[in-house]
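Here's the structure, in structure tokens; my notes come after.
There are 2 protein chains.
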Amino acid sequence: MSVGRQSLAVLDLEGVLTPEIWIAVAERTGLDSLRRTTRDEPDIDALFSGRIEALDAAGIKLDAILEVIEGMTPLEGAVDFLGELRSRLPVLVLSDTFEQFGRPLTAKLGEPAMLCHRLIEQDGRLAGYRLRIANQKQRAVEAFQSLNYRVVAVGDSYNDVTMLTQADAGVLFRASAKVASEHPQFPSCDAYRDLLAIIDEWIAAA
Amino acid sequence: MSVGRQSLAVLDLEGVLTPEIWIAVAERTGLDSLRRTTRDEPDIDALFSGRIEALDAAGIKLDAILEVIEGMTPLEGAVDFLGELRSRLPVLVLSDTFEQFGRPLTAKLGEPAMLCHRLIEQDGRLAGYRLRIANQKQRAVEAFQSLNYRVVAVGDSYNDVTMLTQADAGVLFRASAKVASEHPQFPSCDAYRDLLAIIDEWIAAA
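Chains as they are written, first to last, in the working numbering: chain A, 9 to 214; chain B, 9 to 214.
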């Protein structure tokens, strides 16, 4: 007899399914200031503004960044993991990246729907960005809960904590030792097979 | 310069991306009472209860129905259309079918996230169903709008009208002449290339 509530999964992109975009860009541009991520800086606005100003000051255009991103591939095993997960329940990606940056990567992941932000481009320059909505990951989880879904959220870093807390179940995947130790309330794992096992157990408990 | 609001698309499943599941089941079981769809009967509860009672009374089990559904294929051109659309913006399927029925079809469509309902099975029998939430299509559109997305919705029948009305743009696809003439406020088309052109124009107007 199957009468449990319906479940839905939301996943962070960078660190969970793909490498960190900004670290790849830092490696190719040599701009070390781009290496800071949401793992290091919880204030998204400070982080994003700093990155965009650094790139623009160095004269690096959007095309050059997109070329770096198009050369990136999902983490090993991510495509198979996502395929398994999508056969079980609806899956969305919640990312604080920009549409323009995320698209080459979601294409390689089989086009999961991704909710994120948008970069403002002007004549090929990075002119700024527009947060679609503040605290969008937590707000999206709340929205799916209001539609009577129980939600499992998977993330790796500071900007995922409110989403993991809001979700019916939150899981840390390949989090830094610092993030994991500061949030012992979330199960934490480093292998996709372990992540899938945690989610399967949670689905079965509906 | 790209500063418009971010857009998202929601699509009905049956009639827009796949044939009507219940018509296929009616053809294979010979139960003509299953032929009524949301095009004919706007009251979902009456429609669903009638279908489930008719199948159970005829001794038809879930396995037999799933075998019919697994033999179905998406509408010609649907996979390519969905691929094109997903390269442009996040896409979700909003369907009043059941998880169990929809999964063989979403698998053939490349696993778009689908929000729907759930069948209650008991010992292989259809014991009933659970609406996840009343008026779920309209509610989902409202939820994405609350996350600051402008939403385009595509449907073909009565149970899509509240969703199309709520959306920032609603489009009828292969609707019956009756549905289309009763809702002249929605653009209406029958070919995927025309549907894509309507959505492209709407995206560009953001």
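Note that the Cβ used here is the ideal one computed from N, Cα and C, for glycine as well.
For this session: Report, in whole angstroms, the separation of the C-beta atoms of E129(A) and L70(A), which I expect to be a contact under 8 Å.
Result: 5 Å
Exercise. Is the region 18-27 of chain B in contact with the region 167-182 of chain B, if contact means three or more CB pairs nearer than 8 Å?
Worked result: yes
For this session: Could you work out which residues of chain B lie near Q146(A), taking near to mean beta carbons separated by less than 9 Å?
Result: Result: empty, since nearest Cβ-Cβ is about 11 Å, beyond 9 Å.
Exercise. What residues in its chain sit with their C-beta under 6 Å from that of M9(A), if we drop five residues either side in the sequence?
Worked result: Caution is warranted here: a pLDDT of 45 is assigned to M9(A), below 50, making its placement in the model unreliable, and no coordinate value can be reported.
Exercise. Quick one: which chain B residues come within Cβ less than 9 Å of N143(A)?
Worked result: Neighbours of N143(A) on chain B: none; closest Cβ ~11 Å, over 9 Å.
Exercise. Mind checking Q193(A): buried by the 16 CB within 10 Å criterion, or exposed?
Worked result: exposed
For this session: Using a Cβ cut-off of 8 Å (strictly closer), state whether D167(B) contacts chain A.
Result: Per the sequence presented here, residue 167(B) reads as Asn, with Asp not at that position. Output row for N167(B): interface = no.
Exercise. Is it true that the region 79-99 of chain B meets the region 190-208 of chain B, where meeting means three or more beta-carbon pairs spaced less than 8 Å apart?
Worked result: yes
Exercise. What are the residues of the region 80-99 of chain B that lie near chain A, defined by any Cβ-Cβ distance shorter than 8 Å?
Worked result: Residues G91, R94, S95, P98 and V99.
Problem set entry | A148(A) versus T173(A): straight-line alpha-carbon distance, rounded | Those two C-alpha atoms are separated by around 13 Å.
Exercise. CA-CA distance, L113(A) and T26(A)?
Worked result: Rounded to the nearest angstrom, the two C-alpha atoms are 8 Å apart.
Exercise. Anyone know if the C-beta pair for D176(B) and V159(B) falls short of 8 Å?
Worked result: yes
Exercise. Where V76(A) and A34(A) are concerned, what is the direct C-alpha to C-alpha distance, given to the nearest angstrom?
Worked result: 10 Å
Problem set entry | Three-state secondary structure (DSSP) of D88(B) | helix
For this session: Would you mind giving the Cβ-Cβ distance between I52(A) and N167(A), rounded to the nearest angstrom? I have them listed as a contact below 8 Å.
Result: 6 Å
Problem set entry | the region 117-128 of chain B: positions lying closer than 9 Å to chain A by Cβ | G118, E119, P120, A121, M122, L123, C124, H125, R126, L127 and I128
For this session: Compare the beta carbon distance of V24(A) and V162(A) with 8 Å and say whether it is the shorter of the two.
Result: yes
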